[in-house]
Amino acid sequence: MKAIAYYHSLPITDPQSLQDVELPEPVAGPRDLLVEVKAISVNPVDTKVRQNVQPEGGVAKVLGWDVAGVVKAVGSEVTLFKAGDKVFYAGSIARAGGNSELHVVDERIVGHMPKTLGFAEAAALPLTAITAWELLFERLQIQEGQGDQGQSLLIVGAAGGVGSILTQLASQLTGLKVIGTASRALTQDWVRSLGADLVIDHSQPLSKVLKESGQPQVTHVASLTQTDQHLDELVEALAPQGKLALIDDPKALDVTKLKRKSLSLHWEFMYTRSLFETADMLEQHKLLNRVAALIDAGTLKTTVGEHFGTINAENLRRAHALLESGKSKGKIVLEGF
Numbered sequence: 004m005k006a007i008a009y010y011h012s013l014p015i016t017d018p019q020s021l022q023d024v025e026l027p028e029p030v031a032g033p034r035d036l037l038v039e040v041k042a043i044s045v046n047p048v049d050t051k052v053r054q055n056v057q058p059e060g061g062v063a064k065v066l067g068w069d070v071a072g073v074v075k076a077v078g079s080e081v082t083l084f085k086a087g088d089k090v091f092y093a094g095s096i097a098r099a100g101g102n103s104e105l106h107v108v109d110e111r112i113v114g115h116m117p118k119t120l121g122f123a124e125a126a127a128l129p130l131t132a133i134t135a136w137e138l139l140f141e142r143l144q145i146q147e148g149q150g151d152q153g154q155s156l157l158i159v160g161a162a163g164g165v166g167s168i169l170t171q172l173a174s175q176l177t178g179l180k181v182i183g184t185a186s187r188a189l190t191q192d193w194v195r196s197l198g199a200d201l202v203i204d205h206s207q208p209l210s211k212v213l214k215e216s217g218q219p220q221v222t223h224v225a226s227l228t229q230t231d232q233h234l235d236e237l238v239e240a241l242a243p244q245g246k247l248a249l250i251d252d253p254k255a256l257d258v259t260k261l262k263r264k265s266l267s268l269h270w271e272f273m274y275t276r277s278l279f280e281t282a283d284m285l286e287q288h289k290l291l292n293r294v295a296a297l298i299d300a301g302t303l304k305t306t307v308g309e310h311f312g313t314i315n316a317e318n319l320r321r322a323h324a325l326l327e328s329g330k331s332k333g334k335i336v337l338e339g340f
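For the sequence shown, my numbering assigns the number 4 to the initial residue and increments by one for each residue that follows.
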């Protein structure tokens, strides 16, 4: 089968950083689906793994943890899907990625694809939707409905992949006042279109801009990028006993700064359930089905920012380069081989 892989961790400017290769077809285990990959999207985790994980023993390493496709075959213990079903999912970093014509994935972390979307639009959603949902409803423990009315959520990096779906979830499904950050006019307009009540520039001191905007403090923060750089401003902006959630990888974080206000810290990593095969792994299947229903109802919309064409090494290198620049808007998708 066709696949895109790498053999050595290299800068994305190197043509060998991602290569077109031929690999054996994967075999589904008892709880696995064998999926014919129709479309993928690209995430910061792809660039981080490529930069930091050196493949062992000359084995080709395949990235890609957002897939939309069609079930080709099912394992002996599969109960949730059948051949021919259209599916979308984010997979597991403990297994090969989905940048290949065929892919195997545990059924418990797969959802039925939204009926109203094409494969490319669906591929933009799984990883970021799972991350945003778990961060909002499980880590920060926000309630669906109007139970948290009067409280506020600051989303740092609201124009990116996770921010684009988190902004929608918070504005559509909760009573929170949603404040998004973005540094360019284009991305600020994007965040407004997703439902943010207020958009501010994170290239300026956040606590100062919030005060000038008539929002001196917030009760919750979702820090999606550069948490270490913004930490002092976030602590200043958070109300006493507020909650700070993050998804990025700061080299260091002085959490003692949270003590004076009794602030709580919450880390979200959507691969925890699949990596450790937790008892509640099935929650991601349920979550993706719920997201699909919200898409089909028109409550949420896909977060495609750019379509980079066919799934091949050249186009994936372009996608990685754009992500590494920090200037992407929404999700980058690729479709077909």
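Backbone N, C-alpha and C define an ideal beta-carbon position, used for all residues, glycine too.
Run through the region 195 to 242 for me and flag every whole alpha helix (DSSP H) of 4 or more residues, listed as ranges in chain order. With a minimum length of 4 residues, the unbroken runs of alpha helix (DSSP H) contained wholly in the region 195 to 242 fall at 209 to 215 and 230 to 240.
Do Ala8 and Val24 come within 7 angstroms of each other at the CB atom, strictly closer than that value? The residue given as residue 24 occupies position 21 in the sequence shown. The residue given as residue 8 occupies position 5 in the sequence shown. It is a contact, given that the beta carbons lie within the stated cut-off.
Considering only their Cβ atoms, is the gap separating Val52 from His106 smaller than 7 angstroms? Position 103 of the sequence shown, counted from the start, is the residue given in the question as residue 106. Position 49 of the sequence shown, counted from the start, is the residue given in the question as residue 52. Between His106 and Val52, the C-beta gap is not smaller than 7 angstroms, which leaves the two residues out of contact.
Quick one: give me the first and last residue of the alpha helix (DSSP H) that Val56 is part of. Start at 1 with the first residue of the sequence shown, and residue 56 comes out as number 53. Val56 -> no alpha helix (DSSP H), and no H or E assigned at all.
Suppose you measure from the CA of Gln166 to the CA of Pro208; what does that come to, to the nearest Å? For the purposes of this step, residue 166 is taken as the residue at position 163 of the sequence shown. For the purposes of this step, residue 208 is taken as the residue at position 205 of the sequence shown. The residue asked about is misnamed: residue 166 is Gly in this sequence, not Gln. Each residue's Cα considered, the two are about 19 angstroms apart.
Return the chain-ordered ranges of every alpha helix (DSSP H) run that is complete within the region 90 to 128 and spans a minimum of 4 residues. Taking only runs of at least 4 residues, the alpha helix (DSSP H) segments lying wholly in the region 90 to 128 are 122 to 126.
Rounded C-alpha distance that separates Ser186 from Ser206: Numbered from 1 along the sequence shown, position 183 holds the residue referred to as residue 186. Numbered from 1 along the sequence shown, position 203 holds the residue referred to as residue 206. Taken atom to atom, the span from the alpha-carbon of Ser186 to that of Ser206 is near 6 angstroms.
I need the boundaries of the alpha helix (DSSP H) containing Gly164, first residue and last residue. Here residue 164 refers to the residue found at position 161 when the sequence shown is read from its first residue. If you look at Gly164, you'll find it in the alpha helix (DSSP H) that goes Gly164 to Leu176.
Run through the region 20 to 79 for me and flag every whole beta strand (DSSP E) of 3 or more residues, listed as ranges in chain order. Counting only runs of 3 or more, we get 22 to 25, 35 to 45 and 70 to 77.
How is Ser186 classed by DSSP in three states: helix, strand or coil? As a first step, residue 186 is located in the sequence shown; it is residue number 183 there, counting from the start. Note: Ser186 maps to coil in three-state DSSP.
Considering just the uninterrupted stretch of the alpha helix (DSSP H) at Lys289, what are its terminal residues? Locating residue 289 in the sequence shown gives position 286, where the first residue counts as 1. Under the DSSP assignment, Lys289 falls in the alpha helix (DSSP H) whose first and last residues are Glu286 to Asp299.
Measure from the alpha carbon of Val198 to the alpha carbon of each residue in Ala125, Thr177, Asp49 and Leu130, then state which is nearest. Reading the sequence shown from its first residue, position 195 is the one you call residue 198. A quick correction: the sequence has Gly, not Val, at residue 198. It is Thr177.
Using only CA atoms, which one of Leu249, Val307, Gly245 and Glu137 lies nearest to Lys262? Stepping through the sequence shown from its first residue, residue 262 is reached at position 259. When only C-alpha atoms are compared, the closest one is Gly245.
Neighbour-count burial assignment, Glu280, 16 or more Cβ in a 10 Å radius: Indexing the sequence shown from 1 puts residue 280 at position 277. By the 10 Å Cβ count, Glu280 comes out exposed.
Quick one, are the C-beta atoms of Ser155 and Lys180 less than 7 angstroms apart? Residue mapping note: residue 155 aligns to position 152 of the sequence shown, counting from 1. Residue mapping note: residue 180 aligns to position 177 of the sequence shown, counting from 1. A contact, by the Cβ cut-off of 7 angstroms.
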